[in-house]
Amino acid sequence: MERRGSVAKVVSVYQLGTVEYGAAGRLQEEIAAARARDAIGDTLLLLQHPPVITVGRGGGWEDIVAPADLLRREGVDLLPTDRAGRATYHGPGQLVVYPIFKLPDRDLHAYVWRLEETAIRALEVYGLQAGRVEAHPGVWLAVNKIAAIGLAVRRGIARHGMALNVEPRMDHFDLLVPCGIADQGVTSMARELGRAVDLEAVGRELVAALCCVFDCQAAWADPAGLPWPPAEGRVPAEDVGSAGDQPP
241 MERRGSVAKV
251 VSVYQLGTVE
261 YGAAGRLQEE
271 IAAARARDAI
281 GDTLLLLQHP
291 PVITVGRGGG
301 WEDIVAPADL
311 LRREGVDLLP
321 TDRAGRATYH
331 GPGQLVVYPI
341 FKLPDRDLHA
351 YVWRLEETAI
361 RALEVYGLQA
371 GRVEAHPGVW
381 LAVNKIAAIG
391 LAVRRGIARH
401 GMALNVEPRM
411 DHFDLLVPCG
421 IADQGVTSMA
431 RELGRAVDLE
441 AVGRELVAAL
451 CCVFDCQAAW
461 ADPAGLPWPP
471 AEGRVPAEDV
481 GSAGDQPP
């Protein structure tokens with residue numbers, strides 16, 4: 241893709257399936273270290289996590305309303321994380337997008353805006369008119385959040401990223417106050433559209449939107465080329481559990 245005689249930068253995109261949260265964090269750190277040395281270019285990871293609640297640097301342990309025994313019964317792990325923000329849920333049916341990007345101008349606000357814009361444009365493809373809510377990073381449909389954003393930046397390299405609710409178990413969001421925002425809700429693409437949604441197809445639309453917003457070109461790559469054994473932390477699909485809205 242050429243723009244006025246120049247070639248757009250290439251972003252390596254890896255589709256990883258389901259990866260344990262801790263393993264994904266270690267992978268991001270390895271990639272970020274290589275990116276800081278300019279040993280590699282910008283990298284984008286697409287994946288899902290097994291059910292987990294993570295609590296960021298902003299705190300939010302008090303936002304977890306479910307007792308420990310209920311979390312165990314539901315198979316939901318509870319972990320601290322070094323991203324910004326408060327308590328967030330991840331689980332099957334949620335598309336997690338981790339761009340490990342160099343921020344040349346260190347403008348974090350502009351970077352967050354671009355991530356939000358990426359999700360907004362991808363959702364438009366499905367007829368969903370999403371937007372922003374002042375003072376609350378992320379992407380919203382009216383008063384319901386559909387994509388959460390939480391970042392960490394070290395040595396000018398961004399890690400973590402965005403989680404888009406495609407068709408996760410919505411009852412798992414009742415285990416916490418997502419992002420510490422008690423007066424607004426959470427939704428998903430499946431809930432809004434009233435049908436099942438292909439998560440891999442959403443991933444392709446998200447990558448296409450990201451390429452437009454960040455003026456880059458995607459190069460889909462083999463996970464075997466990543467700086468960790470691809471089997472580490474990856475979860476067989478049959479062990480993950482079901483996704484989608486659960487009956488009352």
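Numbering (this note's numbering), first residue to last: 241 to 488. Ideal Cβ positions, reconstructed from N, Cα and C, are used throughout, including at glycine. As the structure is a prediction and not an experimental result, all values here were calculated from the model.
Residue range of the alpha helix (DSSP H) that includes residue i
{"i": "Val-259", "result": "From DSSP, Val-259 is part of no alpha helix (DSSP H); its letter is neither H nor E."}
{"i": "Trp-353", "result": "348–365"}
{"i": "Gly-443", "result": "439–454"}
Reduced DSSP category for residue i - H, G, I as helix; E, B as strand; rest coil
{"i": "Leu-381", "result": "strand"}
{"i": "His-412", "result": "helix"}
{"i": "Leu-319", "result": "strand"}
{"i": "Gln-268", "result": "helix"}
{"i": "Gly-465", "result": "helix"}
{"i": "Arg-277", "result": "coil"}
{"i": "Asp-430", "result": "Per the sequence presented here, residue 430 reads as Ala, with Asp not at that position. Ala-430: helix per DSSP, three-state reduction."}
{"i": "Arg-394", "result": "strand"}
{"i": "Arg-312", "result": "helix"}
{"i": "Arg-243", "result": "The predicted position of Arg-243 is uncertain, since its pLDDT is 45 and thus under 50; no value can be drawn from it."}
Limits of the beta strand (DSSP E) - the one that residue i falls within
{"i": "Val-337", "result": "334–342"}
{"i": "Ala-403", "result": "397–405"}
{"i": "Ile-293", "result": "292–295"}
{"i": "Gly-371", "result": "371–373"}
{"i": "Gln-288", "result": "283–288"}
{"i": "Ala-327", "result": "327–330"}
Beta-carbon gap between residue i and residue j smaller than 8 Å
{"i": "Tyr-351", "j": "Leu-343", "result": "yes"}
{"i": "Val-251", "j": "Ala-458", "result": "yes"}
{"i": "Gly-390", "j": "His-376", "result": "no"}
{"i": "Val-442", "j": "Asn-384", "result": "no"}
{"i": "Cys-452", "j": "Arg-354", "result": "no"}
{"i": "Ala-248", "j": "Asp-455", "result": "yes"}
{"i": "Glu-269", "j": "Pro-290", "result": "no"}
{"i": "Pro-339", "j": "Ala-398", "result": "yes"}
{"i": "Leu-311", "j": "Leu-318", "result": "yes"}
Residue nearest to residue i in terms of C-alpha spacing, selected from the options
{"i": "Trp-380", "options": "Glu-432, Asp-411, Pro-290", "result": "Glu-432"}
{"i": "Gln-288", "options": "Asp-455, Val-251, Ala-464, Leu-404", "result": "Leu-404"}
{"i": "Phe-341", "options": "Ala-370, Pro-377, Leu-284", "result": "Leu-284"}
{"i": "Ala-387", "options": "Gln-369, Leu-311, Gly-396, Asp-322", "result": "Gln-369"}
{"i": "Cys-419", "options": "Ala-324, Leu-310, Ile-280, Ala-248", "result": "Ala-324"}
{"i": "Glu-314", "options": "Gly-434, Asp-438, Phe-454, Arg-409", "result": "Arg-409"}
{"i": "Leu-439", "options": "Ala-392, Ala-461, Gly-333, Phe-454", "result": "Gly-333"}
{"i": "Asp-322", "options": "Val-437, Asp-455, Val-417, Arg-394", "result": "Arg-394"}
{"i": "Met-429", "options": "Val-417, Trp-353, Cys-451, Ala-359", "result": "Ala-359"}
{"i": "Gly-396", "options": "Gly-367, Val-253, Arg-444, Asp-282", "result": "Asp-282"}
{"i": "Ala-211", "options": "Tyr-254, Ala-308, Lys-249", "result": "What is shown of the chain runs 241 to 488, which leaves residue 211 out entirely."}
{"i": "His-349", "options": "Val-316, Ala-392, Thr-328", "result": "Ala-392"}
{"i": "Glu-374", "options": "Thr-258, Gln-424, Gly-434", "result": "Gln-424"}
{"i": "Thr-328", "options": "Val-417, Arg-444, Ala-279, Ala-464", "result": "Val-417"}
Nearest-angstrom beta carbon gap, residue j and residue i [assumed within contact, 8 Å]
{"i": "Leu-446", "j": "Val-336", "result": "Actually they are not in contact, since the Cβ atoms of Leu-446 and Val-336 sit about 11 Å apart, beyond 8 Å."}
{"i": "Glu-356", "j": "Arg-372", "result": "6 Å"}
{"i": "Leu-415", "j": "Ala-264", "result": "Leu-415 to Ala-264, Cβ: 21 Å. No contact."}
{"i": "Leu-256", "j": "Leu-286", "result": "7 Å"}
{"i": "Val-295", "j": "His-330", "result": "Between His-330 and Val-295 the Cβ distance is about 12 Å, and since that is not below 8 Å, they are no contact."}
{"i": "Arg-326", "j": "Gly-300", "result": "3 Å"}
{"i": "Ile-271", "j": "Pro-467", "result": "7 Å"}
{"i": "Val-437", "j": "Val-406", "result": "5 Å"}
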